[in-house]
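Trainee: Handing you this structure, nothing more for now.
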Amino acid sequence: MRVGRVGGAEGQTTPVVRGRRALFPHPLRTAVGPGSYPGAVTSEKPTSGETERSYIPVENPADRPRTSRTTVRVLLTNPAGDTLLFEDSDPGLDDARWWVTPGGGIDPGETETEAAVREVWEETGYRLDPADLLGPVARRHVVHGYSDRVIEQDESFYLARVAEFEVDTSEHTPDEQLTFLRHRWWSTEELRATDDWVWPHELVELLHLVDERDRWPVSLGTQEESTVLDVH
Numbered sequence: 005m006r007v008g009r010v011g012g013a014e015g016q017t018t019p020v021v022r023g024r025r026a027l028f029p030h031p032l033r034t035a036v037g038p039g040s041y042p043g044a045v046t047s048e049k050p051t052s053g054e055t056e057r058s059y060i061p062v063e064n065p066a067d068r069p070r071t072s073r074t075t076v077r078v079l080l081t082n083p084a085g086d087t088l089l090f091e092d093s094d095p096g097l098d099d100a101r102w103w104v105t106p107g108g109g110i111d112p113g114e115t116e117t118e119a120a121v122r123e124v125w126e127e128t129g130y131r132l133d134p135a136d137l138l139g140p141v142a143r144r145h146v147v148h149g150y151s152d153r154v155i156e157q158d159e160s161f162y163l164a165r166v167a168e169f170e171v172d173t174s175e176h177t178p179d180e181q182l183t184f185l186r187h188r189w190w191s192t193e194e195l196r197a198t199d200d201w202v203w204p205h206e207l208v209e210l211l212h213l214v215d216e217r218d219r220w221p222v223s224l225g226t227q228e229e230s231t232v233l234d235v236h
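If you use the working numbering, the sequence shown corresponds to residues 5 to 236, in order.
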């Protein structure tokens with residue numbers, strides 16, 4: 005798994021990488037102006053602090069709209085110890101892909117646990133028992149700079165061991181239907197060896213926290229995971 009330098013102190017920006025190209029394993033092009041991206045669509049169902057997206061790259065990255073939200077992510081492991089990840093993408097950039105855990109924004113009135121259970125069901129079809137959630141094992145503030153927008157998130161990570169199940173993506177939102185390309189279960193060895201980008205970079209380390217409850221929640225500080233660097 006390709007990683008940068010991570011794990012700074014809380015309140016301190018973590019220098020994940022140096023330079024735009026280092027943020028992503030595939031060659032990146034500069035985001036182009038409105039109207040030049042023929043596949044642009046508009047999200048029909050913005051929720052959890054999200055606004056409608058056009059997916060049209062913004063010519064000047066400093067002009068990208070910014071949103072913020074509170075999110076929860078769940079590291080799901082099966083009886084073999086494999087972890088479920090989705091391959092996500094930035095439609096405004098060619099070949100911009102990375103792997104993420106299930107999760108998303110916390111809706112108004114929801115607790116972190118309620119949001120985690122809902123997000124796992126919506127993204128995987130699995131009915132997670134709240135009692136099976138462990139954590140939060142870690143927290144961070146993360147900046148995601150994409151070709152069309154910048155999202156800042158206060159994020160909490162949970163762990164859950166689940167039975168074998170068939171992933172069902174029928175409840176994916178229009179955004180997820182567009183940006184999620186595939187899913188698969190990863191062994192720890194595969195995660196360590198892959199050249200694909202995996203967010204968060206410390207995923208393997210977070211998995212090992214299951215037996216270190218006295219450390220929960222670990223602070224990952226402030227990080228950036230971007231396809232186009234945040235220049236705000």
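Beta carbons: idealized from backbone N, C-alpha and C, even for Gly. Quantities reported herein were computed from a predicted structural model and do not represent experimental measurements.
Secondary structure at Trp-220, three-state DSSP: helix, strand or coil?
Mentor: Here Trp-220 sits in coil by DSSP.
Trainee: What does the Cβ neighbour count give for Ser-121, buried or exposed, with the cut at 16 atoms within 10 Å?
Mentor: The question names Ser, but residue 121 is Val in the sequence shown. Buried, by the Cβ-count rule.
Trainee: Count Cβ pairs between the region 138-152 and the region 180-187 that sit closer than 8 Å; are there 3 or more?
Mentor: Verdict: no, contact absent.
Trainee: Just to confirm, is the Cβ distance from Tyr-162 to Val-104 under 7 Å?
Mentor: No, Cβ-Cβ distance for Tyr-162 and Val-104 is not below 7 Å.
Trainee: So for Arg-77, helix, strand or coil by DSSP?
Mentor: If DSSP states are grouped into helix, strand and coil, Arg-77 belongs with the strands.
Trainee: Does His-187 come out as helix, strand or coil in the three-state DSSP assignment?
Mentor: Correct three-state label for His-187: strand.
Trainee: Can you name the residues that DSSP bridges to Asp-158?
Mentor: DSSP lists Thr-74 and His-145 as partners of Asp-158.
Trainee: By the three-class DSSP mapping on this structure, what secondary structure does Pro-106 have?
Mentor: Of the three classes helix, strand and coil, the one that applies to Pro-106 here is coil, per DSSP.
Trainee: Mind the definition here: the region 157-176 touches the region 117-137 only if three or more C-beta pairs lie below 8 Å; say whether that holds.
Mentor: Touching, yes, given that three or more Cβ pairs across the two stretches are closer than 8 Å.
Trainee: Let me check one thing: in DSSP terms, what residues is Gln-227 bridge-paired to?
Mentor: Val-146, per the DSSP bridge assignment.
Trainee: Determine the extent of the beta strand (DSSP E) in which Glu-91 is found, giving its start and end residues.
Mentor: Glu-91 -> beta strand (DSSP E) spans 87-93.
Trainee: Please say whether Gly-149 and Leu-233 have beta carbons closer to each other than 7 Å?
Mentor: Their beta carbons are under 7 Å apart, which means Leu-233 touches Gly-149 by this criterion.
Trainee: Looking only at its chain, what residues have a beta carbon closer than 6 Å to the beta carbon of Leu-138, apart from the 5 residues adjacent to it on each side?
Mentor: These residues qualify, in order along the chain: Leu-163.
Trainee: With a Cβ-Cβ cutoff of 7 Å, do Asp-94 and Ser-151 count as a contact?
Mentor: Yes, they are a contact pair.
Trainee: Looking only at C-alpha atoms, which of Glu-114, Val-208 and Gly-225 sits nearest to Thr-87?
Mentor: Ranking the options by Cα distance to Thr-87, first place goes to Val-208.
Trainee: Would you call the CB atoms of Thr-74 and Ile-110 closer than 7 Å?
Mentor: Contact: yes.
Trainee: Quick one: Cα of Leu-210 to Cα of Asp-199, how far?
Mentor: Near 19 Å, if we compare the C-alpha coordinates of Asp-199 and Leu-210.
Trainee: Comparing alpha-carbon positions, which option in Thr-81, Pro-65, Ile-60 and Val-76 lies nearest Glu-168?
Mentor: Of the listed residues, the one whose Cα sits closest to Glu-168 is Thr-81.
Trainee: Would Val-76 and Gly-107 be called neighbours here (beta carbons separated by less than 7 Å)?
Mentor: A contact, by the Cβ cut-off of 7 Å.
Trainee: Take Glu-116 and list the residues in its own chain whose beta-carbon comes closer than 8 Å to its own, dropping the five residues that flank it on each side.
Mentor: Val-76, Ile-110, Pro-140, Ser-160 and Tyr-162.
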